[in-house]
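Notes follow the structure.
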């Protein structure tokens, strides 16, 4: 089962993009954004699903260099 995560900017708190991972990303995972920049995850937040839903919101916080 794949995990859809929102990539968040740690400096501004703004969402950068959505990304699909094959499994839950680790807090030290490195990946490439659509802009071509290589980033490392600062932290991974897993939220609670909405009532009656099974989809859990996942946020991966990164610090882009730009």
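Numbering (the numbering used here), first residue to last: 74 to 139.
Virtual Cβ for every residue (Gly too), placed ideally from N, Cα, C.
A quick note: this is a predicted structure, and the numbers were derived from the prediction, not measured.
Straight-line Cα distance separating residue j from residue i
i, j, result
"residue 82", "residue 129", "20 Å"
"residue 113", "residue 126", "30 Å"
"residue 77", "residue 121", "14 Å"
"residue 88", "residue 79", "7 Å"
"residue 115", "residue 84", "11 Å"
"residue 137", "residue 107", "12 Å"
"residue 103", "residue 97", "13 Å"
"residue 99", "residue 134", "11 Å"
Buried/exposed call for residue i, threshold 16 Cβ in 10 Å
i, result
"residue 119", "exposed"
"residue 93", "exposed"
"residue 101", "exposed"
N- and C-terminal bounds of the beta strand (DSSP E) containing residue i
i, result
"residue 91", "88-94"
"residue 78", "76-82"
"residue 104", "103-105"
"residue 113", "111-119"
"residue 135", "131-135"
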